[in-house]
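Colleague:
In the working numbering, the protein residues as written are 102 to 575.
1) Mapping the DSSP letters down to three states, classify residue 206 as helix, strand or coil.
2) Kindly identify the DSSP beta-bridge partner or partners of residue 498.
3) If we require 4 or more residues per run, which alpha helix (DSSP H) segments fall completely within the stretch 416-470?
4) Give the DSSP-derived three-state secondary structure of residue 125 in the structure shown.
5) For residue 317 and residue 328, what's the separation of their Cα atoms in angstroms?
6) Judging by CA-CA distance, which residue of 260, 287 and 434 is the nearest neighbour of residue 333?
7) For the alpha helix (DSSP H) that contains residue 543, what are its first and last residues?
8) By alpha-carbon positions, which one of 377, 437, 562 and 496 ends up nearest to residue 521?
9) How is residue 321 classed by DSSP in three states: helix, strand or coil?
10) Apart from the five residues just before and just after residue 196, which ones in its own chain have a Cβ nearer than 8 Å to its Cβ?
11) For the putative contact between residue 459 and residue 400, defined by C-beta atoms under 8 Å, what is the C-beta separation to the nearest angstrom?
12) Tell whether a beta-carbon distance below 8 Å holds between residue 155 and residue 253.
13) Would you mind reading off the limits of the alpha helix (DSSP H) that contains residue 113?
14) Where are the alpha helix (DSSP H) runs, 4 residues long or more, that stay fully inside the stretch 287-347, in chain order?
15) Can you list the alpha helix (DSSP H) stretches of 4 or more residues lying completely in the stretch 153-234, in chain order?
16) May I ask you to report which of helix, strand or coil DSSP gives residue 401?
17) What residues in its chain sit with their C-beta under 6 Å from that of residue 510, if we drop five residues either side in the sequence?
18) Return the chain-ordered list of same chain residues with a C-beta closer than 6 Å to the C-beta of residue 114, the five sequence neighbours on each side being excluded.
19) Measure how close the beta-carbons of residue 125 and residue 270 come, nearest whole angstrom, since I'm counting them as under 8 Å.
20) Can you grab the Cα-Cα spacing for the pair residue 483 / residue 336, in whole Å?
21) Quick check: the Cα distance between residue 340 and residue 301, rounded to an integer number of angstroms?
22) Between the stretch 411-422 and the stretch 367-380, are three or more C-beta pairs nearer than 8 Å?
23) Determine whether the beta carbon atoms of residue 362 and residue 396 lie at a separation below 8 Å.
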């Protein structure tokens, strides 16, 4: 089967096949993002053992499942009983591996690894023992652990302070498809959408392979959205209930933060999150925020020349934004054709398109011809007073070549017309930014649209550069 995108990730995984020593790889990421498929495709010819944990099953059932996987891998029944412990289970895995004659790399794949680790099971200690006293002493093993429960992998393995401390040799936090990868995936499924439709689809479901896989060829974009979210048995109508619970143990705090951020388009500071959610400040909150960042749900936006406490946490997950905007507390309106004609839809479009731009900073920099220049990305806002008019800029690319791009993202269904009023607004933003930050850098205004802008006198008077969404697909 062909795989769309994931070029960098496949290279990282296949690089382990060339290492002179054994490798310990961890792959984690949100539910439905294609972790298992990626690993099985990357190591298709080298998998010698493949076992997935069972959801909410006891230790006896987990051990039986492990033994059955061993029987399948070895193509015969080597043992007549289920192992009594995880130490015994991994010892049997060692015996099986030791009996293999091939000198090639041997990939051992433990999927949904957190589910193996039932209460007081001793699984993690046995995994520690297997790696440190068997696999790492050989040169032909690639141990791959994977799971949607990112917190387990991060806390129990990557950040472990015991026997697994600093043992991971390859780590992949799998992110959603980019727009380019999304287009390639849809092409494999013979879904023929324009770039504009792909951008709009991405704004609703993001680059999540499982969601995209539900789209049938020949449907229009409104038909797709209707089917995914608003029909009786819509696949994504109730996805939110499982999404965070599958990723995080005790996901209540994570959901509370996501819900608070969904209500505030531009993001919230840490103190504002505490105020909105009533969660206590401290290490627990820091840990929860870091988990959400690691899985790509939220992004830290660093304000220009401001203190650390002014960092904004912004919700980036397209599905979660769409869910809270149109599904949660929906008062019975299940016709997308009507919803997409409402004022709230237009508001959502603007915010969601800004998030698309935030996810594709590399593509924006490439289109600007500044890929090789180091930069930092910020947002900026200032409240107005008697001396200074308030202003807000959603994306600032602060470059190390003495230049700054102030980026304006406009989701518009036609060629964008720069009016005199809009040009004056851009001038006000530019002046307010210079006055407030006291920057001495060159300031360029960049316009990002769907179909480009009319190059009239107002555009030419203030806008330095423009790009259309086609650049996200190149």
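We put the beta carbon where it would ideally sit given N, CA and C, even for glycine.
Modeller: In short:
1) In the structure shown, residue 206 sits in coil (DSSP, three-state: anything other than H, G, I, E or B).
2) 478 and 506, per the DSSP bridge assignment.
3) List check, alpha helix (DSSP H) in window: 419-423, 437-440, 444-460 and 462-469.
4) Strand, per DSSP.
5) In a straight line, the C-alpha of residue 317 is about 10 Å away from that of residue 328.
6) Measuring from the Cα of residue 333, the nearest candidate turns out to be 434.
7) If you look at residue 543, you'll find it isn't in any alpha helix (DSSP H); it sits in the beta strand (DSSP E) that goes 543-550.
8) Ranked by Cα distance from residue 521, the first of 377, 437, 562 and 496 is 562.
9) For residue 321, the three-state secondary structure derived from DSSP is coil.
10) Result list for residue 196: 179, in chain order.
11) Their Cβ separation, rounded to whole angstroms, is 7 Å, which keeps residue 459 and residue 400 in contact under 8 Å.
12) The beta carbons of residue 155 and residue 253 sit no closer together than 8 Å.
13) Residue 113 -> alpha helix (DSSP H) spans 108-116.
14) The stretch 287-347 contains, as complete alpha helix (DSSP H) runs of 4+ residues, the segments 296-306, 310-313 and 322-326 (chain order).
15) Segments of the alpha helix (DSSP H) lying fully in the stretch 153-234: 160-175, 187-199 and 224-234.
16) When secondary structure is reduced to three states using DSSP, residue 401 falls in the strand class.
17) Once the five neighbours on either side are set aside, the close Cβ partners of residue 510 are 454, 455, 458 and 549.
18) Cβ-Cβ distances below 6 Å link residue 114 to 143 in the same chain, with the five nearest sequence neighbours on each side left out; the list follows chain order.
19) The Cβ separation is near 5 Å, so the contact holds.
20) Cα-Cα distance, rounded: 42 Å.
21) The straight-line gap from Cα to Cα measures roughly 20 Å.
22) At 8 Å Cβ cutoff, the stretches touch.
23) Result no, Cβ atoms of residue 362 and residue 396 do not sit closer than 8 Å.
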